[in-house]
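Worksheet: one structure, shown below.
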Amino acid sequence: MKTHICFILFLLMGCQKPKPALQIASKTTKAKIEAIAVKENSLRTDTIIFDKNAAITHVLIHLTEQKPDKDSIIESKFRLDFYKNKNKITSKKITIKGYEKGSEWSGSYGFPDSSQNNPSFIKIDFGYPACGYTFENYLYYLKNNDLQLVHQWQSMSDSGWGNWTKFLSLESKNDLEIFYCKSVSFEPADDDSEDSGILTYSDSISFSLIGNHWKKKLLSPKDKPYFEKKMSLNEFYKQD
0 MKTHICFILF LLMGCQKPKP ALQIASKTTK AKIEAIAVKE NSLRTDTIIF
50 DKNAAITHVL IHLTEQKPDK DSIIESKFRL DFYKNKNKIT SKKITIKGYE
100 KGSEWSGSYG FPDSSQNNPS FIKIDFGYPA CGYTFENYLY YLKNNDLQLV
150 HQWQSMSDSG WGNWTKFLSL ESKNDLEIFY CKSVSFEPAD DDSEDSGILT
200 YSDSISFSLI GNHWKKKLLS PKDKPYFEKK MSLNEFYKQD
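In terms of numbering that gives the first Met the number 0, the numbers along the sequence shown are unbroken and rise by one, the last being 239.
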């Protein structure tokens, strides 16, 4: 088992090339977003619209509560209603701290960071559409009308720097049974060079499909980098 875990970490460090934060952001296909009439039980309702033939055709996102916490940080509670045409499949609740007025919802189908066309994965993003703002990201898995929140993370990009989560699958088939992810950060180095940065990897996680649900396992110490490399912005963006 130890050998298997070491091999997984080696794959995440050696085989996978980091992708710039800005490039990842530009690759995301945004769903059409429309404001709709405010419901009685919500402060605001937005809609993410997917393809009319998809398993989930649209998501109604209701802002149900918004108030400052003890540190005066705005805390927002949302209810996400997932629909197949006129039929509601399921609902999920999420809480977001640090709400920015003008933030937008977007969504996409498929396994992240891959050309694999797996319609069971649905990625939902929320954030203010400008550099330097943190986005909340949610990866859901739909099977037999059962929707599971597989993973959630934050991402940010600003002038070439940023942090995000990189996903990797070693399987070529669309119906995945195992995949991995790691947290990636590329931040300015603490020196006199304006384009010198530190690339770090942390929080390697494996995801295994057991039945119709994903089980995740942390493969590296939580919140502690297991890989670090100093490089310039130019070197970072020249990587394949």
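The beta-carbon is built from N, C-alpha and C at its ideal position, and this holds for glycine as well.
Residue i - containing alpha helix (DSSP H), residue span
i      : result
ASN233 : 232-237
Pairwise C-alpha distance: residue j and residue i
i      : j      : result
SER113 : THR44  : 31 Å
SER25  : ASP124 : Its pLDDT being 34, under 50, SER25 is placed unreliably by the model, and the measurement read from it follows with that caveat. C-alpha separation (whole angstroms): 13 Å.
ALA34  : ILE48  : The pLDDT assigned to ALA34 is 41, lower than 50, so where the model puts this residue is not dependable, and the model offers no usable value.
ILE60  : PRO128 : 18 Å
SER90  : ASP189 : 45 Å
LYS229 : ALA54  : 44 Å
ASN40  : GLN238 : 49 Å
LYS92  : SER192 : 44 Å
PHE178 : GLY106 : 21 Å
SER219 : CYS180 : 11 Å
GLU64  : TYR98  : 12 Å
GLU186 : LEU232 : 10 Å
Which residues DSSP lists as bridging residue i, in chain order
i      : result
ASP145 : LYS142
PRO67  : ILE73
LYS214 : SER207
ILE55  : The partner list for ILE55 (beta bridge, DSSP) is empty, contrary to what the question assumes.
ASP80  : LEU59, SER90
Distance between beta carbons of residue j and residue i, contact taken as under 8 Å
i      : j      : result
SER201 : SER182 : 5 Å
ILE121 : LEU141 : 6 Å
The ligand MN heavy atom lying under 7 Å from the CB of residue i
i      : result
PHE226 : Of the ligands one can find in the structure shown there are none, so the ligand MN has no counterpart to examine.
Closest by C-alpha distance to residue i, when choosing among the options
i      : options                        : result
GLU170 : GLN147, CYS130, ILE209, ASN117 : ASN117
THR56  : THR133, LYS100, ASN144         : ASN144
PHE77  : THR94, PRO187, ILE88           : THR94
TRP104 : PHE226, VAL58, LYS51, PRO187   : VAL58
ASP157 : LYS172, GLU99, HIS212, PHE134  : PHE134
LYS100 : PHE110, GLU74, PRO111, LYS83   : GLU74
PHE81  : TYR139, ASP194, ASP222         : TYR139
Continuous beta strand (DSSP E) stretch holding residue i: start and end
i      : result
PHE120 : 120-126
LYS96  : 86-96
TYR209 : At residue 209 the sequence reads Ile, which differs from the Tyr that was named. Counting along the chain, the beta strand (DSSP E) containing ILE209 begins and ends at 195-209.
PRO187 : 177-187
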